[in-house]
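**Q** Take 209 as the starting number for the sequence shown in this note's numbering and just add one per residue. For each residue, glycine too, the CB sits at the ideal point set by N, CA and C. Have a look at this one.
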Amino acid sequence: MTFADAQTPPPPWAAASAGPRAGASPAAVGAVEPGSDGAAARPQWPPSSSSPAAEEQRRGRSRDARRASRDGGSRRGRGSTPPPEDPATAGSEPDAHDVARQIVLRQLTNSPKSRAQLAQALARRDCDPDVAQAVLDRMEDVGLVDDEAYAGMLVRSQQAGRGLARRALAQTLRQKGVSDEVAEAALDEVDPADEEERARALVEKRLRRLHGLEATVQTRRLAGMLARKGYPSDLSLRLIREAIVSASEHQRD
């Protein structure tokens with residue numbers, strides 16, 4: 209080494225790489241003082257707890273912790289563990305009678321039905337015939353299935369709502385699966401006088417809508433309407449003639 213090299217001061221980074229000087233204070237460890245040319249000091253490592261980098265790290269860790277807690281809670285809420293299965297019922301088949309009862313009760317909740325209609329509903333669900341018969345017998349015993357009450361209700365509602373006569377009512381009961389004996393008992397409750405008054409009201413109401421047509425056209429349409437509702441032809445023709453004759457549009461001046 210020459211004399212000139214011995215007089216040249218070491219560069220600023222040399223002091224930092226050589227480690228802390230003996231007797232240096234803890235605050236000075238890891239820090240480098242500015243060089244003689246005014247350059248900024250090398251950053252200390254690890255960064256100070258009050259430095260911007262340390263503060264940003266703390267914020268990042270806090271955000272990650274909150275996100276992990278939130279995601280974990282939502283996953284636990286969505287995928288909660290179902291309750292353990294009862295060992296007594298695990299792997300057991302549903303009781304066939306209970307299934308059939310539920311089918312019948314749902315059918316009766318929608319609307320009243322005859323026993324034949326309920327038996328058809330059970331057959332569509334592939335219910336065993338013996339199970340279906342046992343369940344329907346039990347339903348009859350407790351009064352939930354009653355063809356006599358059903359037939360009487362159907363006759364009254366179809367008379368009042370649609371103005372049906374005995375013949376049409378008998379056909380409707382047959383379509384619903386009601387036996388002839390039960391249907392006959394329900395039809396015996398129909399009063400012939402009430403049936404005639406109902407037919408007369410139907411003719412008068414329909415005749416107002418046929419105003420202006422020829423009498424023959426009115427007669428044909430009124431007879432067809434009463435026939436579809438099950439009224440006998442002799443009764444229908446008598447009531448139609450009476451209504452047309454008494455109508456003001458057909459009276460002679």
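#1: Can you give, in chain order, each stretch of the alpha helix (DSSP H) that sits fully within the region 364–420 and has at least 4 residues?
#2: Name the residue from Gly438, Pro320, Arg332 and Ser319 whose alpha carbon lies nearest to the alpha carbon of Pro400.
#3: What residue from Ala391, Gly385 and Ala368 has the CA that sits closest to Arg375's CA?
#4: Between Asp402, Arg309, Thr424 and Ala394, which lies nearest to Arg346 when the distance is taken from Cα to Cα?
#5: Buried or exposed: where does Ala331 fall if 16 or more other Cβ atoms within 10 Å of its Cβ makes it buried?
#6: Relative to the alpha-carbon of Leu377, which residue among Leu395, Ala368, Leu352 and Asp303 has its alpha-carbon at the smallest distance?
#7: Could you check the C-alpha separation between Arg267 and Arg275 for me, to the nearest Å?
#8: Alpha carbon to alpha carbon, what distance is there between Leu430 and Asp442?
#9: Can you tell which of Lys384, Leu434 and Thr427 has its C-alpha closest to the C-alpha of Pro320?
#10: Counting beta carbon pairs with one atom in the region 354–364 and one in the region 417–431, are three or more of them shorter than 8 Å?
#11: Mapping the DSSP letters down to three states, classify Glu241 as helix, strand or coil.
#12: Is the distance from the Cβ of Leu316 to the Cβ of Leu352 below 8 Å?
#13: Buried or exposed for Asp355, please, with buried defined as at least 16 other CB atoms from any protein chain shown within 10 angstroms of its CB.
#14: Kindly indicate which three-state DSSP category Arg333 falls into: helix, strand or coil?
#15: What does the alpha-carbon distance come out to for the pair Ser322 and Asp388?
#16: Taking the straight line between their C-alpha atoms, what separation do you get for Glu404 and Val312?
#17: Which same chain residues end up closer than 6 Å to Ala247 when comparing Cβ atoms and leaving out the 5 residues on each side of it in sequence?
#18: Whole angstroms are fine: how far does the CA of Asp349 sit from the CA of Ser456?
**A** This is what the structure holds:
#1: Listed in chain order, the complete alpha helix (DSSP H) runs (minimum 4 residues) inside the region 364–420 are 374–383, 388–395 and 400–417.
#2: Ranking Gly438, Pro320, Arg332 and Ser319 by CA distance to the CA of Pro400 puts Gly438 first.
#3: Checked all of Ala391, Gly385 and Ala368; the closest Cα to Arg375 is Ala391.
#4: Ranked by how close their Cα comes to the Cα of Arg346, the residues Asp402, Arg309, Thr424 and Ala394 have Arg309 in first place.
#5: Label assigned to Ala331: exposed.
#6: Each of Leu395, Ala368, Leu352 and Asp303 was checked against the Cα of Leu377, and the nearest Cα belongs to Leu395.
#7: One alpha carbon belongs to Arg267, the other to Arg275, and they sit about 12 Å apart.
#8: C-alpha separation (whole angstroms): 13 Å.
#9: Of Lys384, Leu434 and Thr427, the residue nearest in Cα terms is Lys384.
#10: Contact fails between the region 417–431 and the region 354–364, because fewer than three Cβ pairs, one in each stretch, are under 8 Å apart.
#11: Unreliable placement is indicated for Glu241, whose pLDDT of 46 sits below 50; the coordinate value is still reported in the next sentence. In this structure, Glu241 counts as coil in the three-state DSSP scheme.
#12: A contact, by the Cβ cut-off of 8 Å.
#13: Asp355 should be labelled buried.
#14: Coil at Arg333, not helix or strand.
#15: Taking the straight line joining both Cα atoms gives about 13 Å.
#16: It is roughly 38 Å from the alpha-carbon of Glu404 to the alpha-carbon of Val312.
#17: Summary for Ala247: the model assigns pLDDT 47, below 50, so the residue's position carries little reliability; its value from the coordinates is reported in the next sentence. Cβ within range, chain order: n/a, list empty.
#18: Going by the C-alpha atoms only, they are around 59 Å apart.
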